Amino acid sequence: MSGAGASPPPDGGAWPAKAAPRGRSRRSLLLLAPLGVAAAAGAGFYAMLRGLGTGSYNPRGVPSALIGKAPPDFALPPLEGAERPGVSAADLRAHNGPLGRPVLVNFFASWCVPCVIEHPQLMRLAREGVPLLGIAYKDKPEDSLGFLRRHGNPFAKLGVDQPGRVAIDWGLYGVPETYLIDKEGIIRWRWAGPITNDTLGAELQPLLRRYA
Amino acid sequence: MIPELGHFALILALALSLAQAAVGLLGAQRAEARLMGAAPPLATGVLLAIGAAFACLMWSYVVNDTTVANVVQNSHSAKPLLYKLSGTWGNHEGSMLLWVLILALCGGAVAAFGRNLPSALQARVLAVLGLVAAAFLGFILATSNPFQRIWPPPMDGQGLNPILQDPGLAFHPPLLYLGYVGFAVTYAFAVAALIEGRVDAAWGRWVRPWALAAWSFLTLGIALGSWWAYYELGWGGYWFWDPVENASLLPWLAGAALLHSAIVVEKREALKTWTVFLALLAFGMSLLGTFLVRSGVLTSVHAFANDPARGIVILCLLAAFIGGGFLLFAWRAASMAPTGVFAPLSREGALVLNNLLLCSIAAVVLVGTLYPMFADLLLGEKISVGPPFFNTATLPLAAPLIGAMALGPLLPWKRARLAPALLRLWWVALLALGAFLLCLALEGQRIGPALGFAAALWLIAGAAADIADRLALFSRPRAAWSRARGLPRAAWGAALGHAGLGVTILGLAGMGLATDRLAALKPGEAAALAGYEFRLEGVRDVQGPNWTARRATVQVTRDGAPVVVLEPDRRTFPVARMTTTEATIHTTWLADLYVVLGEERDGAAILRLHHNPLAPWIWLGAAVMALGGGLSLSDRRMRVAAPAAKLAMKGARA
Numbered sequence: 003m004s005g006a007g008a009s010p011p012p013d014g015g016a017w018p019a020k021a022a023p024r025g026r027s028r029r030s031l032l033l034l035a036p037l038g039v040a041a042a043a044g045a046g047f048y049a050m051l052r053g054l055g056t057g058s059y060n061p062r063g064v065p066s067a068l069i070g071k072a073p074p075d076f077a078l079p080p081l082e083g084a085e086r087p088g089v090s091a092a093d094l095r096a097h098n099g100p101l102g103r104p105v106l107v108n109f110f111a112s113w114c115v116p117c118v119i120e121h122p123q124l125m126r127l128a129r130e131g132v133p134l135l136g137i138a139y140k141d142k143p144e145d146s147l148g149f150l151r152r153h154g155n156p157f158a159k160l161g162v163d164q165p166g167r168v169a170i171d172w173g174l175y176g177v178p179e180t181y182l183i184d185k186e187g188i189i190r191w192r193w194a195g196p197i198t199n200d201t202l203g204a205e206l207q208p209l210l211r212r213y214a
Numbered sequence: 012m013i014p015e016l017g018h019f020a021l022i023l024a025l026a027l028s029l030a031q032a033a034v035g036l037l038g039a040q041r042a043e044a045r046l047m048g049a050a051p052p053l054a055t056g057v058l059l060a061i062g063a064a065f066a067c068l069m070w071s072y073v074v075n076d077t078t079v080a081n082v083v084q085n086s087h088s089a090k091p092l093l094y095k096l097s098g099t100w101g102n103h104e105g106s107m108l109l110w111v112l113i114l115a116l117c118g119g120a121v122a123a124f125g126r127n128l129p130s131a132l133q134a135r136v137l138a139v140l141g142l143v144a145a146a147f148l149g150f151i152l153a154t155s156n157p158f159q160r161i162w163p164p165p166m167d168g169q170g171l172n173p174i175l176q177d178p179g180l181a182f183h184p185p186l187l188y189l190g191y192v193g194f195a196v197t198y199a200f201a202v203a204a205l206i207e208g209r210v211d212a213a214w215g216r217w218v219r220p221w222a223l224a225a226w227s228f229l230t231l232g233i234a235l236g237s238w239w240a241y242y243e244l245g246w247g248g249y250w251f252w253d254p255v256e257n258a259s260l261l262p263w264l265a266g267a268a269l270l271h272s273a274i275v276v277e278k279r280e281a282l283k284t285w286t287v288f289l290a291l292l293a294f295g296m297s298l299l300g301t302f303l304v305r306s307g308v309l310t311s312v313h314a315f316a317n318d319p320a321r322g323i324v325i326l327c328l329l330a331a332f333i334g335g336g337f338l339l340f341a342w343r344a345a346s347m348a349p350t351g352v353f354a355p356l357s358r359e360g361a362l363v364l365n366n367l368l369l370c371s372i373a374a375v376v377l378v379g380t381l382y383p384m385f386a387d388l389l390l391g392e393k394i395s396v397g398p399p400f401f402n403t404a405t406l407p408l409a410a411p412l413i414g415a416m417a418l419g420p421l422l423p424w425k426r427a428r429l430a431p432a433l434l435r436l437w438w439v440a441l442l443a444l445g446a447f448l449l450c451l452a453l454e455g456q457r458i459g460p461a462l463g464f465a466a467a468l469w470l471i472a473g474a475a476a477d478i479a480d481r482l483a484l485f486s487r488p489r490a491a492w493s494r495a496r497g498l499p500r501a502a503w504g505a506a507l508g509h510a511g512l513g514v515t516i517l518g519l520a521g522m523g524l525a526t527d528r529l530a531a532l533k534p535g536e537a538a539a540l541a542g543y544e545f546r547l548e549g550v551r552d553v554q555g556p557n558w559t560a561r562r563a564t565v566q567v568t569r570d571g572a573p574v575v576v577l578e579p580d581r582r583t584f585p586v587a588r589m590t591t592t593e594a595t596i597h598t599t600w601l602a603d604l605y606v607v608l609g610e611e612r613d614g615a616a617i618l619r620l621h622h623n624p625l626a627p628w629i630w631l632g633a634a635v636m637a638l639g640g641g642l643s644l645s646d647r648r649m650r651v652a653a654p655a656a657k658l659a660m661k662g663a664r665a
């Protein structure tokens, strides 16, 4: 540092000699305040970034009112040409019982770019034998079909929600969005946004094991 | 080959900026003229290297080089040339490159125009700028390399988000970054002053032009963004208190406080510690904005790259520069004793009040922006803080600020009396009161807009009163012309800046009276709004360069007389699979007629009609503010900042 040295030079007579020690310590405390505020904010930001990685902090994660409840009743027609049956609330119940296993319900659309990012992870889940029920949201059937032909079809069952009414009942935040329904038929988890490899490893797979 | 050259130029720039930091700091520390003298040429070298890298990236965009990942993700061969060029900075990597390019421009400017600075101060300022540049170049090279290749190359790119394909937005980021990065220079001056342990009038005089320039550019950048949101997003709104908008407002507020307090340092050698703090704060707020936009800790329409790994790196840079700056501040600022004393009621006092209020507004905006994030983190609660909070919390702070803005320039330095200043403003106050009553009489119980009109007139007429007073226009009208020519440009600039804010407030107040309606019209049908009749003539298909559109033809008439034909579009971009609405706007000085075409159903088109009184004045006012800043910047005092001896030497050389 410059020649002035480590201890702050005297105030040049700005304070009366008697009050100097108290005044100076108050002043130096005040001068430390910005650093303290910045450090606290920095620690908070660091926690947020850590939370983003583990999923405990998610600015887009609007809590779903459906967590811990049964999914709303619905029945959707199949996608013509996809050779998969349609989806209804009864299909979710069909997985119930002691021999059942958790199911994922995925809302997607061909016009949604994050859905393309998410798709390889869905394909991987399907290969691992996780039952995936797809709902094509506000999409032209031929576009959905083209999307699945190009990227592969991970869904065991596939419904078409072109007007988006079922999505309203589910309280959809946007596409892609994924719900985990356990074998008792209760919604346990909701993910708004694409399932990345990180999400898959840190969140979804532990949950699948827990509710298996 | 060209992208590799760009990559190499970036690495070269990193090495050069590290060298710039080292010679600057060491040279100033050891008072070695040769080391210090090496800093300016190095800064020029950094500028050349980053300029070359930027040109390489731009070239890749222009020729649509699909082996470059960045081009593939953000461009397309069918895009118009202007958007290929602006696409260079329409993404995370490219915009970071623009950021460091502007930083290098600032460094180059300090090197070129700072010959009058004491050499130790110049060397330290360049060293700090070199450190900032090195940190951000390292960030780009390590996490966001814009020259990344992909193989095999795809047939064509994925296209730029159509909403961003707009002339207004092409220039929004560069202007905004000129503002953000300009505060890096004032930051560097503050750090240099803290290392030296000395702040004096000369320091204030050198800092002020940088603060002014950065603030003026930021004003233009924010205004351009707001204008773009107004005409492109099709909501008819101009400011949404979106976290990222707030992130640009924070450095603007801190910068406005800084350029006022720097006057006090320059003229009266007071408020030194505070000014240094503001210089650190303004750049800190700029960096905070960068962090918020690019780390993914919040969601916003401006979301850039939601990557926590990048976020950690930016947070580390933030910790180093803001934390380091404040640490230095806590350690060294106590040594800066004020020499100028002043009474609470004086020009200095008014500027202190201005600073306190501006900083309080900044604190309110900061808290409102960060509170939802921290509430989520600490309490696990999802809340959103919206316009109602910001409007109600900033208004009580803005009101005294506006009140004092007209009064402050009339107060003399050191010690003032209130009565003479108020006496010179009596007609201004009457005018404002008249506007308030007139608005109430015409528009009914609308207190908000009425207060806005009063505030606008108070500021505009107050600025006029200030100039009239300086010219002695009323007491000695004959000498006014010669006095006007002799009046420093800084005085004109200050008055213009204050009046510009008044013009903006005029626009805001007018927008408070805006009306709109939704109408489903079949061809031939009409809807009425604000005394105008909007008749839908028909809807047809149109083909653009990289979009197709439905275009409505709307004939607007007033009392049977034709006013204008408006043709709003709904554009579909096949590459991005997106639809945008192109609002058409008919602007008169008094109001905007604004029409948006929505969906079509059963032969009827849904039209959203807006009547926005005085809307253009919002952005016009910002331009006037920036003009005021520019005028003040061209003041002789700013250009001739050097000691006379050094100037004479330069004259002899020339």
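Residue numbers (our numbering), protein chains in the order written: chain R, 3 to 214; chain L, 12 to 665.
For each residue, glycine too, the CB sits at the ideal point set by N, CA and C.
Just so it is clear, the structure is predicted and the values come from calculations on it, not from any experiment.
- In the structure shown, the three-state DSSP call for Tyr181 of chain R is strand.
- Around Ala49 of chain R, the beta-carbon contacts reaching into chain L at under 7 Å are Leu388.
- Taking Met125 of chain R as reference, the option from R:Lys142, R:Ile188 and R:Leu150 with the minimal CA-CA separation is R:Leu150.
- Beta bridge pairing from DSSP links Tyr59 of chain R with no other residue.
- Per DSSP, Asn127 of chain L lies in no beta strand (DSSP E) segment and is marked neither H nor E.
- In the displayed model, Val308 of chain L falls within coil according to three-state DSSP, outside both helix and strand.
- Residue burial annotation: Met166 of chain L is exposed, with fewer than 16 other C-beta atoms found within 10 angstroms of its C-beta.
- Taking each of L:Tyr605, L:Leu601 and L:Leu364 in turn and checking the Cα distance to Glu593 of chain L, the smallest one comes out for L:Tyr605.
- According to the DSSP assignment, Trp438 of chain L belongs to the alpha helix (DSSP H) that extends over Trp437 to Glu454.
- With contacts defined as CB atoms closer than 9 Å, Ala222 of chain L and Leu298 of chain L fail to qualify as a contacting pair.
- Taken through DSSP and simplified to helix, strand or coil, Trp162 of chain L comes out as coil.
- Within chain L, the residues placing a beta-carbon under 7 Å from that of Tyr59 of chain R are Asp387 and Leu388, ordered along the chain.
- For Leu638 of chain L and Leu644 of chain L, the gap between their C-alpha atoms comes out near 10 Å.
- Taking the beta carbon of Met384 of chain L as reference, the chain R residues within 9 Å of it are Gly46, Phe47, Met50, Tyr59 and Pro61, listed in sequence order.
- When CB distances to chain R are screened at a threshold of 8 Å, the residues of the stretch 321–349 of chain L falling below it are Gly322, Ile323, Leu326, Leu329, Ala330, Ile333, Gly334, Phe337, Leu338, Phe340, Ala341, Trp342, Arg343, Ala344, Ala345, Ser346, Ala348 and Pro349, in chain order.
- The Cβ-Cβ distance between Gly334 of chain L and Tyr198 of chain L does not fall below 9 Å.
- Within the stretch 379–435 of chain L, the runs of alpha helix (DSSP H) that reach at least 4 residues and sit entirely inside it are, in chain order, 398–418 and 429–435.
- Within chain L, the residues Leu388 have their CB atoms less than 8 Å from the CB of Gly53 of chain R, given in chain order.
- Nearest in C-alpha terms to Gly300 of chain L, of all of L:Arg160, L:Leu229 and L:Gly248, is L:Leu229.
- For His87 of chain L, there is no enclosing alpha helix (DSSP H), since its DSSP letter is neither H nor E.
- For Ile617 of chain L, the uninterrupted beta strand (DSSP E) run begins and ends at Ala615 to Pro624, by DSSP.
- Looking at L:Leu175, L:Ser227, L:Thr286 and L:Gln456, the one whose alpha-carbon comes closest to that of Trp239 of chain L is L:Leu175.
- Rounded to the nearest whole angstrom, the C-alpha separation of Trp437 of chain L and Ala427 of chain L is 18 Å.
- The criterion of a C-beta distance shorter than 9 Å is not satisfied by Gly414 of chain L and Ala474 of chain L.
- In its chain, beyond the 5 residues on either side, Gly190, Tyr191, Phe194, Leu229, Ala293, Phe294, Met296, Ser297 and Gly300 have a beta carbon closer than 8 Å to the beta carbon of Pro262 of chain L.
- Taking Gly521 of chain L as reference, the option from L:Ala320, L:Val575, L:Ala446 and L:Gln84 with the minimal CA-CA separation is L:Ala446.
- Take Trp630 of chain L, set aside five residues on each side of it, and the residues of its chain with a beta-carbon closer than 6 Å to its own are Ala234 and Trp238, in chain order.
- Listed in chain order, the non-local C-beta contacts of Trp250 of chain L below 7 Å within the same chain comprise Ser237 and Glu256, local neighbours out to five positions each way being set aside.
- DSSP places Gly176 of chain R outside both helix and strand once states are collapsed to three, so it counts as coil.
- With its beta carbon less than 9 Å from one in chain L, Leu33 of chain R belongs to the interface.
- By the CB criterion at 9 Å, Thr591 of chain L and Pro173 of chain L fall inside the cutoff.
- Here Ser645 of chain L carries a coil assignment [DSSP, helix/strand/coil].
- Annotation for Tyr181 of chain R: Val107, Ile189 and Arg192 place their beta carbon closer than 6 Å to its own, counting only its chain and skipping 5 residues before and after.
- The beta-carbon separation of Thr284 of chain L and Ala344 of chain L, rounded to 5 Å, stays under the 8 Å limit for a contact.
- In the structure shown, the three-state DSSP call for Asn108 of chain R is strand.
- Within the DSSP secondary-structure output, Trp252 of chain L pairs in no beta bridge.
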